[in-house]
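Colleague: Numbering (my numbering), first residue to last: 163 to 216. Positions of the beta carbon are idealized from the N, C-alpha and C atoms, including for glycine. Values in this document were obtained by computation on a predicted structure and should not be read as measured data. Right, I'll just put the structure down here and ask away after.
Okay, here's the thing in structure tokens:
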């Protein structure tokens with residue numbers, strides 16, 4: 163992961179849910195009820211706040 167900044171980690175629950183780490187929620191102003199997208203980029207997946215997409 164050269165050149166990447168890891169902000170936290172989560173474990174997938176038995177219901178396939180994850181918790182977004184506090185550091186990430188605060189840095190990107192994520193709040194309850196916000197929508198996020200899972201975006202594929204080659205062999206990686208990243209999260210993007212849906213309201214940022216036009």
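Identify the residues that DSSP records as bridge partners of residue 199: which are they?
Modeller: As a first step, residue 199 must be located in the chain shown, where it is residue number 37. Per DSSP, 210.
Colleague: Nearest-angstrom Cα distance between residue 180 and residue 174?
Modeller: The residue you call residue 180 lines up with position 18 of the chain shown. The residue you call residue 174 lines up with position 12 of the chain shown. Rounded to the nearest angstrom, the two C-alpha atoms are 5 Å apart.
Colleague: Output the distance between the C-alpha atoms of residue 187 and residue 172, rounded to the nearest integer angstrom.
Modeller: Working through the chain shown from its first residue, we reach residue 187 at position 25. Working through the chain shown from its first residue, we reach residue 172 at position 10. Each residue's Cα considered, the two are about 13 Å apart.
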